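Peer 1: Under UniProt numbering, the residues of the sequence shown are numbered 10 to 365, in order. I have a structure here, written as structure tokens, and I will follow up with some questions on it.
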Amino acid sequence: TRETPPVNLREFEPAARARLDPAHYDYFAGGAQDEITVAANEAAFRRRALVPRVLRGQGPPRLEVTVLGETASMPVLLAPTAFHRLAHPDGEFATARAAAEAGVIMIAAMLSTVTIEEIAACGPKLWFQLYIQPDLGFTTSLVRRAEDAGCRALVVTADSPALGRNERGDRNGFHDLPPGMYCANMVQKGRQGRDDEVRQVALSPDLSFRHLDWLRETTSLPIVLKGVLHPADARLAVEHGVDAIVVSNHGGRQLDTVPASLDRLPLVADAVRGQVPLLLDGGVRRGTDVVKALALGADAVAIGRPALWGLAVAGRAGVERVLTLLRNELANALTLCGAASPGDVTGDLLDGIDLK
Ligand code: FNR
Numbered sequence: 010t011r012e013t014p015p016v017n018l019r020e021f022e023p024a025a026r027a028r029l030d031p032a033h034y035d036y037f038a039g040g041a042q043d044e045i046t047v048a049a050n051e052a053a054f055r056r057r058a059l060v061p062r063v064l065r066g067q068g069p070p071r072l073e074v075t076v077l078g079e080t081a082s083m084p085v086l087l088a089p090t091a092f093h094r095l096a097h098p099d100g101e102f103a104t105a106r107a108a109a110e111a112g113v114i115m116i117a118a119m120l121s122t123v124t125i126e127e128i129a130a131c132g133p134k135l136w137f138q139l140y141i142q143p144d145l146g147f148t149t150s151l152v153r154r155a156e157d158a159g160c161r162a163l164v165v166t167a168d169s170p171a172l173g174r175n176e177r178g179d180r181n182g183f184h185d186l187p188p189g190m191y192c193a194n195m196v197q198k199g200r201q202g203r204d205d206e207v208r209q210v211a212l213s214p215d216l217s218f219r220h221l222d223w224l225r226e227t228t229s230l231p232i233v234l235k236g237v238l239h240p241a242d243a244r245l246a247v248e249h250g251v252d253a254i255v256v257s258n259h260g261g262r263q264l265d266t267v268p269a270s271l272d273r274l275p276l277v278a279d280a281v282r283g284q285v286p287l288l289l290d291g292g293v294r295r296g297t298d299v300v301k302a303l304a305l306g307a308d309a310v311a312i313g314r315p316a317l318w319g320l321a322v323a324g325r326a327g328v329e330r331v332l333t334l335l336r337n338e339l340a341n342a343l344t345l346c347g348a349a350s351p352g353d354v355t356g357d358l359l360d361g362i363d364l365k
């Protein structure tokens, strides 16, 4: 029987599942413990009602935005996700080429399965996601590599002082990458005739805003803090000189039972008061979701799993298709809301009305 191609982002998930090793599918799809936050992220979008304006004569919407000085073809970035070669043999090469083709910003994960230099060579607009390592010398070398590769921002993930508890992984006994696959940025040249070694990533409970201050002194790249949900942390981040904030709960993969990132966005926006750009990720699956995030104060959003599903289904072409579908939906949603551009989306489109 012939499979019908997915017509929206959600339909990529079952198509990807059919192609993936079940343990790898679970790694991508899963979240922490009861996955309450995973479900909450999407539910938060579904609950909100849009109240469109009519007869505004705006013509077809323009989707381009500028984030931290980087122009992007739409206010949708690729969130950093680890281990793309688990989804498709072309791994991050495919993702990066799709991002380049689509003109969107790719946030390359530090835990990628090809190097940051190889990703950069594919030509996308590129930011680098960093887990600050307790070994600051090694962290500095990663930062220099990202700078030299042409990354335009560092995205520091703050919500991971420890690994979240993924019970699907426990059940599947999935704790390591298969042979031949490894975190390519973590390879250290073997000294004095020894073999190269892949360094273990350290998710450190010692990290504090002091480390952010250290990073601020270490690099002149813009610093984006990812994983903020509390308005007090957003204010601290601004005080410590971050250039942008990603409101995110790591796709529900870290602390379970935290609120949907969309539900935290208004509080963070209120705390930050336009001092730095705000991004949001977690549960974005529709053009209308993007509009809702913009209405609540985001300058752009990022998608995690949908890109992985596209990658698993058809490599580069699959990621391109995911981005094209979302772009078309966003243009349609903006038109139907009477908005001429992402910047034209105002809070009154979401007048506090909830859907059942
Ligand atoms: C992630 N995410 C993530 N974030 C990060 O800062 N560093 C990382 O290495 C990873 N790795 C990772 C792997 C996988 C399989 C997933 C699904 C997610 C989190 C990611 O950047 C983002 O916050 C969420 O994926 C957004 O939610 P959605 O779009 O997947 O619902």
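All C-beta atoms in this analysis are idealised placements derived from N, C-alpha and C, irrespective of residue type, glycine included. Note that the structure is a prediction, hence the values are computed from the model and not measured.
Give a single yes or no on whether Tyr-36 has its beta carbon closer than 7 Å to a heavy atom of the ligand FNR.
Peer 2: Locating residue 36 in the sequence shown gives position 27, where the first residue counts as 1. Correct: Tyr-36 has its Cβ closer than 7 Å to the ligand FNR.
Peer 1: Mind pulling the beta strand (DSSP E) runs of 3 or more residues that sit fully within the stretch 167-250?
Peer 2: The qualifying runs are 232-237.
Peer 1: Does the beta-carbon distance from Tyr-191 to Val-207 come in below 8 Å?
Peer 2: One-based indexing of the sequence shown puts residue 191 at position 182. One-based indexing of the sequence shown puts residue 207 at position 198. Yes, they are a contact pair.
Peer 1: Could you name the residues of the same chain whose beta carbon sits closer than 6 Å to that of Ala-108, not counting the 5 residues immediately before and after it, in chain order?
Peer 2: Along the sequence shown, one-based indexing puts residue 108 at 99. Excluding positions up to five away in sequence, the list reads Leu-87, Met-115, Pro-133.
Peer 1: May I have a chain-ordered list of the beta strand (DSSP E) segments no shorter than 3 residues that lie completely inside the stretch 99-146?
Peer 2: Segments of the beta strand (DSSP E) lying fully in the stretch 99-146: 114-117, 134-139.
Peer 1: Measure the alpha-carbon distance for Leu-359 versus Arg-154 and round it to whole angstroms.
Peer 2: The residue given as residue 359 occupies position 350 in the sequence shown. The residue given as residue 154 occupies position 145 in the sequence shown. Answer to the nearest angstrom: the Cα atoms are 42 Å apart.
Peer 1: When the distance is taken between beta carbons, is Gly-296 closer than 8 Å to Leu-264?
Peer 2: Taking the sequence shown and counting its residues from 1, the one referred to as residue 264 is at position 255. Taking the sequence shown and counting its residues from 1, the one referred to as residue 296 is at position 287. No, they are not a contact pair.
Peer 1: Is there contact between the stretch 341-358 and the stretch 69-86, where contact requires at least three CB pairs shorter than 8 Å?
Peer 2: The stretch 341-358 vs the stretch 69-86: in contact.
Peer 1: Measuring CA to CA, which of Ile-125, Leu-276, Val-47 is closest to Asn-258?
Peer 2: Locating residue 258 in the sequence shown gives position 249, counting from the first residue. The residue with the shortest Cα to Cα distance from Asn-258 is Val-47.
Peer 1: Counting only runs that start and end within the stretch 260-288, where is the alpha helix (DSSP H) found for 4 or more residues in a row?
Peer 2: As far as the stretch 260-288 is concerned, its whole alpha helix (DSSP H) runs of at least 4 residues are 270-281.
Peer 1: Using 8 Å as the threshold, is the stretch 285-294 in touch with the stretch 316-327, meaning 3 or more CB pairs across them?
Peer 2: Verdict: no, contact absent.
Peer 1: Based on the DSSP output, what are the partners of Ala-311 in its beta bridges?
Peer 2: If you number the sequence shown from 1, residue 311 lands on position 302. Bridge partners of Ala-311: Leu-86, Asp-290.
Peer 1: Does DSSP classify Asp-363 as helix, strand or coil?
Peer 2: As a working note, residue 363 is residue 354 in the sequence shown. Asp-363: strand per DSSP, three-state reduction.
Peer 1: Would you say the beta carbon of Ala-193 comes nearer than 7 Å to a heavy atom of the ligand ZN?
Peer 2: Ligands displayed in this structure: the ligand FNR; the ligand ZN is not among them.
Peer 1: Where DSSP assigns a beta bridge to Leu-163, which residues make up the other side?
Peer 2: Position 154 of the sequence shown, counting from 1, holds the residue named residue 163. Partner(s): Phe-137, Ile-232.
Peer 1: In terms of alpha-carbon separation, which member of His-239, Gln-197, Asp-252, Asn-341 lies closest to Thr-148?
Peer 2: Taking the first residue of the sequence shown as 1, we reach residue 148 at position 139. Comparing Cα-Cα distances from Thr-148 to each of His-239, Gln-197, Asp-252, Asn-341, the minimum goes to Gln-197.
Peer 1: Taking Val-63 as part of the alpha helix (DSSP H), name the residues at either end of that continuous run.
Peer 2: For the purposes of this step, residue 63 is taken as the residue at position 54 of the sequence shown. From DSSP, Val-63 is part of no alpha helix (DSSP H); its letter is neither H nor E.
Peer 1: DSSP three-state label for Thr-297, please.
Peer 2: Mapped onto the sequence shown, residue 297 falls at position 288. Looking at Thr-297 - three-state DSSP - the assignment turns out to be helix.
Peer 1: For the alpha helix (DSSP H) holding Glu-51, just list the boundary residues, first then last.
Peer 2: Position 42 of the sequence shown, counted from the first residue, corresponds to residue 51. Its alpha helix (DSSP H) spans residues 45-56.
Peer 1: For Glu-79, name the three-state secondary structure that DSSP assigns.
Peer 2: Counted from its first residue, the sequence shown places residue 79 at position 70. Reduced to three states, the DSSP call for Glu-79 is strand.
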